[in-house]
Amino acid sequence: MTDGQTFNRFAYVNGDPIGFIDPLGLMKCSKLPNISQRHDEIAHGGYYGRKQQRINDYKNKTGKWAPRKSDDDVIEVNPKDVNFAQISINRSFDTPNGKIPIKKAIQQGPEQVKNFPPISVVNVKGQLVARDGNSRLYVALETKAEKIKVRIEKDIDSFRDLTKRLRNNGLPNEGTMKPPTPR
């Protein structure tokens, strides 16, 4: 009676009373010979695997715990109204076709800014501060674009992320109007 119920009130998964206890007897027993292989199978395919997937879905904002943000939250503002949260940015600019030098992105003009994904901003005492998308904001300012799409973040994690980013760059809570240096 190594698999399943014994005279104890608990059901031990695969006869392993130390590693996994299943009081309701819901775990399926494996036929793998090695106990460490059984642990891996249970952890990756059983309850723990499903729990980990839900955690990943929550982090990726695709699961039902945290639905993906809709485009209803997106507004257009003048890039001059948004402060930077960084003192430096990557000199390579990410595009759908791959990375290009940021100078080349600036040379492409302000029309491209309309196709940028919205940047994430946080409203700090009435001042919008770019939490994510500082390089897109930089390109919008350098090309003198009239509008840029922003999504105002209101969740506590966005505030924490912005505060950490500002602190790491030695900036005040309202960010800075000074454009970052491409490095």
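Quick note: the sequence shown uses the working numbering, first residue 48, plus one each step. Just so it is clear, CB atoms sit at the ideal spot from N, CA and C, and this is done for glycine as well.
Within 9 angstroms, strictly: CB atoms of ARG198 and ALA132 | no
Could you spell out where the beta strand (DSSP E) holding ILE147 opens and where it closes?
-> 145-148
Just confirm the distance between the C-beta atoms of VAL121 and LYS196, as a whole number of angstroms; I'd bet it's less than 8 angstroms.
-> 5 angstroms
To the nearest angstrom, how far is it from the Cα of THR190 to the Cα of ARG207?
-> 31 angstroms
What's the call for SER182, buried or exposed, on a 16-neighbour Cβ count within 10 Å?
-> Of the residues assessed, SER182 falls on the buried side of the cut-off, its CB having 16 or more other CB atoms within 10 angstroms.
Assigned exposure category for PRO164 - 16 Cβ within 10 Å defines buried = exposed
Using a Cβ-Cβ cut-off of 6 angstroms (strictly less than) and excluding sequence neighbours within five positions of LYS194, which residues of its own chain qualify?
-> GLU123
Collapsed DSSP secondary structure at PHE206 in the structure displayed = helix
Entirely enclosed beta strand (DSSP E) segments - the segment 151-212, minimum 3 residues = If we require 3 residues or more, the beta strand (DSSP E) runs fully inside the segment 151-212 come out as 166-171, 174-179, 195-199.
Going by the CB atoms, is the gap between GLU221 and SER167 shorter than 9 angstroms?
-> no
Excluding sequence positions up to five away, which residues of its chain have a Cβ less than 7 angstroms from the Cβ of VAL243?
-> Because the chain in this structure spans residues 48 to 230, residue 243 falls outside the shown range and cannot be described.
Residues bridged to ASP141 (per DSSP) = LYS146
By the 10 Å Cβ neighbour count, where 16 or more other Cβ atoms means buried, how is GLY180 classified, buried or exposed?
-> buried
On a CA-only basis, which of PRO143, GLN154, VAL169, GLY156 is nearest LEU213? Give me that one, please.
-> VAL169
Pull up the DSSP beta-bridge partners for GLU123, would you.
-> LYS196
Spell out the partners DSSP gives ILE136 in its beta bridges.
-> PRO229
Give the straight-line distance between the Cα atoms of LYS211 and ILE203, rounded to the nearest whole angstrom.
-> 12 angstroms
Residues sharing a beta bridge with ASN215, DSSP | The partner list for ASN215 (beta bridge, DSSP) is empty, contrary to what the question assumes.
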